[in-house]
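Student:
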Amino acid sequence: MKKLIVNKIVMVPSSSHEWLTIAKDFNEKWNFPNCLGAVDGKHVVIQAPNNSGSYYYNYKNTHSVVLMAAVDASYRFIYVDVGTNGRTSDGGTFQNCSLNQALECNELNIPEPTPLPSRNKPTPYVFVADEAFPLKENIMRPYPQRGGLDDSRRIFNYRLSRARRIVENAFGILCNRFRVMRAPILLSPEKVTHVVMACCALHNYLRPESFLGLQETDNIEINNLMPPMARGGYHSSSKARDIREEYNEYFTNVGQVPWQHKVLS
Numbered sequence: 037m038k039k040l041i042v043n044k045i046v047m048v049p050s051s052s053h054e055w056l057t058i059a060k061d062f063n064e065k066w067n068f069p070n071c072l073g074a075v076d077g078k079h080v081v082i083q084a085p086n087n088s089g090s091y092y093y094n095y096k097n098t099h100s101v102v103l104m105a106a107v108d109a110s111y112r113f114i115y116v117d118v119g120t121n122g123r124t125s126d127g128g129t130f131q132n133c134s135l136n137q138a139l140e141c142n143e144l145n146i147p148e149p150t151p152l153p154s155r156n157k158p159t160p161y162v163f164v165a166d167e168a169f170p171l172k173e174n175i176m177r178p179y180p181q182r183g184g185l186d187d188s189r190r191i192f193n194y195r196l197s198r199a200r201r202i203v204e205n206a207f208g209i210l211c212n213r214f215r216v217m218r219a220p221i222l223l224s225p226e227k228v229t230h231v232v233m234a235c236c237a238l239h240n241y242l243r244p245e246s247f248l249g250l251q252e253t254d255n256i257e258i259n260n261l262m263p264p265m266a267r268g269g270y271h272s273s274s275k276a277r278d279i280r281e282e283y284n285e286y287f288t289n290v291g292q293v294p295w296q297h298k299v300l301s
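In the working numbering, the protein residues as written are 37 to 301.
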């Protein structure tokens, strides 16, 4: 029954129309077209289970389970996966989650590639993510900082970060609203999974009645409360890199906005 309730409130879109609605909202609110959601993972700190050794021990020297989530443009969770042990590599956590597997198997009914506004090249719909995730045809991550970046790539990273921070703010709202998330949870990993899933479902249920604006989450030190996944190095395909370049050209030409240049000053 609990799982049924959660599944009704935290639902992955099942039709192309639903995905297009999310993409429209992302472009209107966060100036990032063809965006299906912002995805990120966090470590939920727990008390070390008895006889678990280092099974849940993570790179931050705490014990944890991983919360992997995707949100829409209004901070609502559209995908939640909880329970992977904190010791699992971050690449492995995403690689094995059901969202990535559904992407790989083309099971999400994602719309066909569509040109970015005022462009001609068909461009896939994507999730936006940080450096902990691989660059794929349906996942955009920033350009790596090593060796320095030219102005256009710095602007791309800024525009992507602006869209991606929605999931960071969703985690911040989650911690602010449900204080159980702000300290090690003194329950078994299985019960922690139920608690976190319930918090995410309640977050979605409460959002229409009690919106928390960005200014109310900016002061939450979310990375201290829920450590982020470690940054990873990945090999990407030439097609994925070409898609990122198409976004790069869009953001510095027809898709540019006046305020993006502040990142260069």
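Heads up, the beta-carbon is just placed ideally off N, CA and C, and yes, glycines get one too.
Can you tell me where the beta strand (DSSP E) with Leu-72 in it begins and where it stops?
Tutor: As a working mapping, residue 72 is identified with position 36 in the sequence shown. 71–82 is the span of the beta strand (DSSP E), which, as asked, contains Leu-72.
Student: Assuming the contact rule is C-beta atoms closer than 8 Å, Ile-291 and Pro-153 should be a hit. Round their C-beta distance to whole Å, please.
Tutor: Indexing the sequence shown from 1 puts residue 291 at position 255. Indexing the sequence shown from 1 puts residue 153 at position 117. A quick correction: the sequence has Gly, not Ile, at residue 291. That pair is a contact at about 7 Å.
Student: Using the rule of at least 16 other Cβ atoms within 10 Å of the residue's Cβ for burial, across every protein chain shown, is Lys-298 buried or exposed?
Tutor: Mapped onto the sequence shown, residue 298 falls at position 262. When all chains shown are included, Lys-298 counts as exposed.
Student: Can you pull the DSSP bridge partners for Asp-303?
Tutor: Past the boundaries of the shown model lies residue 303; the chain is included only from 37 to 301, so the question cannot be answered.
Student: In the DSSP assignment, the alpha helix (DSSP H) including Phe-68 goes from what residue to what residue?
Tutor: Along the sequence shown, one-based indexing puts residue 68 at 32. Per DSSP, Phe-68 belongs to no alpha helix (DSSP H) and is neither H nor E.
Student: Could you pull the start and end residues of the beta strand (DSSP E) that Val-164 belongs to?
Tutor: Numbered from its first residue, the sequence shown carries residue 164 at position 128. Per DSSP, Val-164 belongs to the beta strand (DSSP E) from 162–164.
Student: In the DSSP assignment, find the alpha helix (DSSP H) that holds Val-232 and state where it starts and stops.
Tutor: Locating residue 232 in the sequence shown gives position 196, counting from the first residue. 225–242 is the span of the alpha helix (DSSP H), which, as asked, contains Val-232.
Student: What did DSSP end up calling Lys-172 once you bin it into helix, strand or coil?
Tutor: Sequence index remark: in the sequence shown, residue 172 carries index 136 (1-based). Strand, per DSSP.
Student: Please return the same chain residues whose Cβ sits closer than 7 Å to the Cβ of Arg-200, not counting the five positions on each side in sequence.
Tutor: Along the sequence shown, one-based indexing puts residue 200 at 164. If we look at Arg-200 and ignore the five residues flanking it on each side, its Cβ neighbours are Ala-74, Val-164, Ala-165 and Asp-166.
Student: Report the rounded CA-to-CA distance for Leu-300 versus Gln-181, giving the unit in angstroms.
Tutor: On the sequence shown, residue 300 is found 264 positions in, with the first residue counted as 1. On the sequence shown, residue 181 is found 145 positions in, with the first residue counted as 1. About 14 Å.
Student: Does the beta-carbon of Tyr-286 have 16 or more other beta-carbons within 10 angstroms, so that it is buried, or is it exposed?
Tutor: What you label residue 286 is simply residue 250 of the sequence shown in a count that begins at 1. Under this definition Tyr-286 is a buried residue.
Student: My output table needs one value for Thr-288: the three-state DSSP class, helix, strand or coil.
Tutor: On the sequence shown, position 252 is the one that residue 288 refers to. Coil.
Student: Can you give me the C-alpha to C-alpha distance between Glu-173 and Val-162, rounded to a whole angstrom?
Tutor: Along the sequence shown, read from residue 1 onward, the residue named residue 173 stands at position 137. Along the sequence shown, read from residue 1 onward, the residue named residue 162 stands at position 126. One C-alpha to the other measures close to 7 Å.
Student: Using C-beta distances below 8 Å, list every residue in its chain close to Tyr-194, excluding the 5 sequence neighbours before and after it, in chain order.
Tutor: Locating residue 194 in the sequence shown gives position 158, where the first residue counts as 1. Correct list, in chain order: Gln-296 and Val-299.
Student: From Gly-357 to Pro-178, what does the alpha carbon distance come to, in whole angstroms?
Tutor: Residue 357 lies beyond the residue range present for the chain, which begins at 37 and ends at 301; the question has no answer from this structure.
Student: Just to confirm the assignment, what range does the alpha helix (DSSP H) spanning Cys-211 have?
Tutor: Locating residue 211 in the sequence shown gives position 175, counting from the first residue. Segment 187–213, the alpha helix (DSSP H) holding Cys-211.
Student: Start and end of the alpha helix (DSSP H) containing Ser-273?
Tutor: As a first step, residue 273 must be located in the sequence shown, where it is residue number 237. Taken as a continuous stretch (DSSP letters only), Ser-273 belongs to no alpha helix (DSSP H), as it is neither H nor E.
Student: In the DSSP assignment, find the unbroken alpha helix (DSSP H) run with Glu-143 in it and report its ends.
Tutor: Residue 143 sits at position 107 when you count from the first residue of the sequence shown. Careful: Glu-143 lies outside any alpha helix (DSSP H) and carries neither H nor E.
Student: Quick check: Val-203 and Asp-76, are their CB atoms within less than 7 Å of each other?
Tutor: As a first step, residue 203 is located in the sequence shown; it is residue number 167 there, counting from the start. As a first step, residue 76 is located in the sequence shown; it is residue number 40 there, counting from the start. Yes, they are a contact pair.
Student: Under 7 Å between the Cβ atoms of Gly-122 and Asn-94?
Tutor: Sequence index remark: in the sequence shown, residue 122 carries index 86 (1-based). Sequence index remark: in the sequence shown, residue 94 carries index 58 (1-based). Against a cut-off of 7 Å, the Cβ pair of Asn-94 and Gly-122 comes out as a contact.
Student: Pop quiz: Ser-272 and Pro-149 are said to be a contact at Cβ under 8 Å. What is the actual Cβ separation, rounded to whole angstroms?
Tutor: The residue you call residue 272 lines up with position 236 of the sequence shown. The residue you call residue 149 lines up with position 113 of the sequence shown. So it is not a contact: roughly 18 Å between Cβ atoms.
Student: How big is the Cα-Cα spacing for Val-81 and Asn-132?
Tutor: Position 45 of the sequence shown holds residue 81. Position 96 of the sequence shown holds residue 132. Rounded to the nearest angstrom, the two C-alpha atoms are 21 Å apart.
Student: Look at the alpha carbon of Ser-50 and the alpha carbon of Asn-136, and state the distance between them as a whole number of angstroms.
Tutor: Sequence index remark: in the sequence shown, residue 50 carries index 14 (1-based). Sequence index remark: in the sequence shown, residue 136 carries index 100 (1-based). Each residue's alpha carbon lies about 15 Å from the other.
Student: How about Arg-198 and Arg-112: are their beta carbons less than 7 Å apart?
Tutor: In the sequence shown, counting from the first residue as 1, residue 198 sits at position 162. In the sequence shown, counting from the first residue as 1, residue 112 sits at position 76. Not a contact, by the Cβ cut-off of 7 Å.
Student: Check this for me: beta carbons of Val-46 and Cys-236, under 7 Å apart or not?
Tutor: Walking along the sequence shown from the start, residue 46 turns up at place 10. Walking along the sequence shown from the start, residue 236 turns up at place 200. Against a cut-off of 7 Å, the Cβ pair of Cys-236 and Val-46 comes out as a contact.
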